[in-house]
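To start, the structure under review is shown below, and the notes come after it.
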Amino acid sequence: MREYDVIVIGGGLGGLTTAAMLSKEGLGVLVVEQHSVIGGCLQSFSRAGRTLDTGMHYVGSLDNGEIMHQYFKYLGVIDSLKLRKLDENGFDHFHFSDGTTYCHAMGYERFAETLAAHFPEELGNIESLCRTIERVGNLISPAILREGKISNGGAEYMATSAYGEIGRHIRSEKLQRIFAANSGLYAGDRLTTSLYEYGMITHSNIKGAYAFVDGSQQLADLLVEQIVANGGEVQLGAKVAKINLNGAKAEHITIESGEQIAAKWVISSLHPAVTFSLLENNTVYKKAFFSRMNSMPNTYGIFTTYLLLKPQSIKYINKNNYLFNNDDVWSATGNYKGHNIASTLLCMQPNSSSEYTDVVTLLTPMPHAVYEQWNNTRFADRGVGYKEWKESFSEAVIDFACSFYPELRGAIERVYTASPLTYRDYTAAPLGCAYGVVKDCRNPLVTLLPAKTRIENMLITGQSLNIHGCLGTTVSSAVTCSEILGTEYLAKKIGNA
Ligand SMILES: Cc1cc2nc3c(=O)[nH]c(=O)nc-3n(C[C@H](O)[C@H](O)[C@H](O)COP(=O)(O)OP(=O)(O)OC[C@H]3O[C@@H](n4cnc5c(N)ncnc54)[C@H](O)[C@@H]3O)c2cc1C
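In structure tokens, the structure reads:
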């Protein structure tokens, strides 16, 4: 039986950053990924000669000296990433149904000035909310890492509602909505979204939001290069069927081919409900624990519509556009011509060869109830009704997007779509949830999962742990790795890289 120091299950961002950290610190690591292509939600794929991204579209805190930049520097990938900084004067534009448009700008001063230009009487309130957001974001700054901590606490922000906090500072309801209009990035929900999650994500984009040039696959590939250069291994086409326990220890894993592989540590980056369903010979956890894992609420899915454009038809726009049907930015429910469209995020992918874009991606939040009737179907075998629904839904999304950008219609050459069920069957995330488990500010202790499990040599990581996204998932990897390497040691290594 092959044996490693660490087996990391899953080759998405969580698995890869975990493996890159541990291998960099001298451990013998194997990543096992079920698919033949690495990356999970980082994966790019090709259709009709264009590069389409599965998930990751833009990443914050990438300015030199900011936290994501620091992590990528430590991981050895920052200099090789092809990135484009989004428009500093307005990286996220929000288009409301009443015809008004507002934006979030980079840098707190510019961010506040831009909003105060529309709401001058709120300048002081805008600045005080900005200070709060900055305080939250700075809980994980490079300076904190250099102090030997991955995070400087934040429990009080995890138990504070983002919606409530915005309302506490800002008087105008419209301006409250503008502050939270990036809610598609965290599946924002009026009741559950914490100030911690909102603040981390909003702060990170104010501190330097960048898009991947030519696709996000490059990040996965660069991390694999680092893992291999550090002496680690990545095994593709290796779906983990079981984590075999002996008492309170994970003895080995079994992959679908039947091969068993042993390790001193097993780390799973899969959704927690999936991870714990893999346990074999479990004597550690009681039934109630599995019920709890399986009943933890998951974030909504995202229906992705890829518009492949005619050559040189639309110039690349260096910003993201959030199109709102329902101006309740905290809701994923809306009605557009009989379909559930509350909002759509329109992203263009920069490419290195042209000032034109060849792909426009429309990301539409989709509550589980919209597609639950097809829950029991599998990829390529979901029946005619599903195909018809998918086509008609994507047509409605395109129609909705064209109501804001009429020039899009004539530029479309072909359309590809991915429903949340496509994501579910690809990443194994239950219900195709976009961002893993919902972290609920009303009861943070129940939904915030520790990296440590009751199996003494098994840890978990991935987007369900702390917060999701490029930043949240990478920080979670550091938290998980610190269980093996020690927090002070690892934090200082990252902070001083
Ligand atoms: C549509 C969409 C848009 C997004 N946009 C952004 C964005 O713009 N910016 C941002 O920061 N974040 C974004 N995110 C979130 C971000 O992509 C995720 O938080 C992050 O990539 C999650 O990484 P992960 O490793 O936890 O999970 P995943 O990427 O899901 O990786 C899990 C991996 O495990 C593998 N796996 C599953 N089961 C097994 C098994 N049994 N054996 C072996 N391997 C297995 C899967 O194949 C997959 O590769 C987006 C997400 C979605 C869905």
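Residues in the sequence shown are numbered consecutively from 86, following the working numbering. For glycine and all other residues, C-beta sits at the position ideal for the given N, C-alpha and C.
CB-CB length for I426 against F485, believed under 8 Å: Stepping through the sequence shown from its first residue, residue 426 is reached at position 341. Stepping through the sequence shown from its first residue, residue 485 is reached at position 400. So it is a contact: roughly 5 Å between Cβ atoms.
Look at the alpha carbon of K577 and the alpha carbon of G557, and state the distance between them as a whole number of angstroms. For the purposes of this step, residue 577 is taken as residue 492 along the sequence shown, with counting starting at 1. For the purposes of this step, residue 557 is taken as residue 472 along the sequence shown, with counting starting at 1. About 19 Å.
Do A333 and E568 have their CB atoms nearer than 8 Å? Walking along the sequence shown from the start, residue 333 turns up at place 248. Walking along the sequence shown from the start, residue 568 turns up at place 483. It is not a contact, given that the beta carbons lie outside the stated cut-off.
Verify the contact flag: N324, CB atom, against every heavy atom of ligand 1, threshold strictly below 7 Å. Here residue 324 corresponds to residue number 239 of the sequence shown, with the count starting at 1. Looking at the sequence shown, residue 324 is not Asn but Lys. Yes, Cβ of K324 sits closer than 7 Å to a heavy atom of ligand 1.
Residues in its own chain within less than 6 Å of Y242 by CB, not counting five upstream and five downstream? Position 157 of the sequence shown, counted from the first residue, corresponds to residue 242. Excluding sequence neighbours, Y242 sits near V221, L280, Y281.
What do you reckon, is the C-beta of E344 under 7 Å from a heavy atom of ligand 1? For the purposes of this step, residue 344 is taken as the residue at position 259 of the sequence shown. No, the beta carbon of E344 sits no closer than 7 Å to any heavy atom of ligand 1.
Flag this pair as yes or no: are the beta carbons of T217 and S562 separated by less than 8 Å? Counting from 1 along the sequence shown, the entry for residue 217 is found at position 132. Counting from 1 along the sequence shown, the entry for residue 562 is found at position 477. No, these two residues do not count as a Cβ contact at 8 Å.
What does the alpha-carbon distance come out to for the pair G140 and G554? Here residue 140 refers to the residue found at position 55 of the sequence shown. Here residue 554 refers to the residue found at position 469 of the sequence shown. Using only the alpha carbons, I get a separation of about 9 Å.
Confirm, please, whether the CB-CB distance from I263 to L544 is below 8 Å. Against the sequence shown, residue 544 aligns to sequence position 459. Against the sequence shown, residue 263 aligns to sequence position 178. No. Outside cutoff.
How is T103 classed by DSSP in three states: helix, strand or coil? As a position in the sequence shown, residue 103 is number 18, starting the count at 1. T103: helix per DSSP, three-state reduction.
Which class does D510 belong to by DSSP, given the choice of helix, strand or coil? Along the sequence shown, one-based indexing puts residue 510 at 425. D510 falls in the helix class under three-state DSSP.
According to DSSP, is Y143 part of a helix, a strand, or is it coil? By 1-based counting over the sequence shown, the position of residue 143 is 58. It is a strand residue.
Our contact map puts S246 next to D138 with C-beta atoms below 8 Å; I'd like the distance itself, whole angstroms only. Position 161 of the sequence shown, counted from the first residue, corresponds to residue 246. Position 53 of the sequence shown, counted from the first residue, corresponds to residue 138. Not really, about 32 Å apart at Cβ, beyond 8 Å.
If you draw a straight line from the C-alpha of K170 to the C-alpha of A296, how long is it? The residue labelled residue 170 in the question sits at position 85 within the sequence shown. The residue labelled residue 296 in the question sits at position 211 within the sequence shown. Taking the straight line joining both Cα atoms gives about 6 Å.
By alpha-carbon positions, which one of A190, L112, R231, R499 ends up nearest to L393? As a first step, residue 393 is located in the sequence shown; it is residue number 308 there, counting from the start. Of the candidates A190, L112, R231, R499, the one whose C-alpha sits nearest the C-alpha of L393 is R499.
Could you give the residue range of the alpha helix (DSSP H) that holds K334? Taking the first residue of the sequence shown as 1, we reach residue 334 at position 249. That residue, K334, is in no alpha helix (DSSP H); its beta strand (DSSP E) goes 334-340.
Through-space distance from F388 to N420, alpha-carbon basis: For this step, residue 420 is matched to residue 335 along the sequence shown. For this step, residue 388 is matched to residue 303 along the sequence shown. C-alpha separation (whole angstroms): 15 Å.
Classify V162 as helix, strand or coil using the three-state DSSP reduction. For this step, residue 162 is matched to residue 77 along the sequence shown. In the structure shown, V162 sits in coil (DSSP, three-state: anything other than H, G, I, E or B).
Nearest to C188 by alpha carbon, out of S131, N267, L214, T136? By one-based count along the sequence shown, residue 188 stands at place 103. For the residues S131, N267, L214, T136, the minimum Cα distance to C188 belongs to N267.
Can you tell me where the alpha helix (DSSP H) with L308 in it begins and where it stops? The residue given as residue 308 occupies position 223 in the sequence shown. Residues 302-314.
For H424, which option in A454, D413, C432, T446 has the closest C-alpha, if you only look at C-alpha atoms? Within the sequence shown, residue 424 is the residue found at index 339, counting from 1. Answer by Cα proximity: A454.
Where DSSP assigns a beta bridge to S129, which residues make up the other side? Your numbering for residue 129 matches position 44 in the sequence shown. S129 pairs with D138.
How should T186 be labelled, buried or exposed, when 16 other C-beta atoms within 10 angstroms of its C-beta is the threshold for buried? If you number the sequence shown from 1, residue 186 lands on position 101. Exposed, by the Cβ-count rule.
Close beta carbons around T512, own chain, < 6 Å, minus the five adjacent residues each side: Against the sequence shown, residue 512 aligns to sequence position 427. Once the five neighbours on either side are set aside, the close Cβ partners of T512 are G125.
Express the C-alpha separation of M381 and V91 in angstroms, rounding to a whole number. Along the sequence shown, read from residue 1 onward, the residue named residue 91 stands at position 6. Along the sequence shown, read from residue 1 onward, the residue named residue 381 stands at position 296. Taking the straight line from one Cα to the other gives about 28 Å.
In whole angstroms, give me the CA-to-CA distance for Y441 and R494. Translated into the one-based positions of the sequence shown, residue 441 becomes position 356. Translated into the one-based positions of the sequence shown, residue 494 becomes position 409. Using only the alpha carbons, I get a separation of about 16 Å.
State yes or no: is the C-beta of V319 within less than 8 Å of the C-beta of L363? The residue you call residue 319 lines up with position 234 of the sequence shown. The residue you call residue 363 lines up with position 278 of the sequence shown. In this structure, L363 does not lie closer than 8 Å to V319 by Cβ.
Pick helix, strand or coil for M433, following the three-state DSSP scheme. In the sequence shown, counting from the first residue as 1, residue 433 sits at position 348. Here M433 sits in strand by DSSP.
G293: CB within 7 Å of a non-hydrogen atom of ligand 1: Start at 1 with the first residue of the sequence shown, and residue 293 comes out as number 208. No, Cβ of G293 sits at least 7 Å from all heavy atoms of ligand 1.
So, does the CB of C518 fall closer than 8 Å to a CB anywhere in chain D? Among the chains of the structure shown, chain D does not appear; only one protein chain is present.
According to DSSP, P450 sits in a beta bridge with which residue or residues? Locating residue 450 in the sequence shown gives position 365, where the first residue counts as 1. Its beta-bridge partners are I387.
Indicate whether C526 and T136 have their beta-carbon atoms separated by less than 8 Å. For the purposes of this step, residue 526 is taken as the residue at position 441 of the sequence shown. For the purposes of this step, residue 136 is taken as the residue at position 51 of the sequence shown. In this structure, T136 does not lie closer than 8 Å to C526 by Cβ.
Own chain, CB closer than 8 Å to I312, minus 5 neighbours either side, in chain order: Against the sequence shown, residue 312 aligns to sequence position 227. Counting only Cβ-Cβ distances below 8 Å, and skipping sequence neighbours, we find L101, A104, A105, S108, V114, V116, E318, V319.
Here's the rule I'm using: 16 or more other beta-carbon atoms within 10 Å means buried, otherwise exposed. How should T368 be labelled? To locate residue 368, count along the sequence shown from 1; it is residue 283. Exposed: under 16 other Cβ atoms inside 10 Å.
Any non-hydrogen atom of ligand 1 within 7 Å of E318 CB: As a position in the sequence shown, residue 318 is number 233, starting the count at 1. No, Cβ of E318 sits at least 7 Å from all heavy atoms of ligand 1.
Leaving out five residues on either side along the sequence, give the residues of the same chain with a beta carbon under 6 Å from the beta carbon of Q434. Here residue 434 corresponds to residue number 349 of the sequence shown, with the count starting at 1. Hits under 6 Å: V444.
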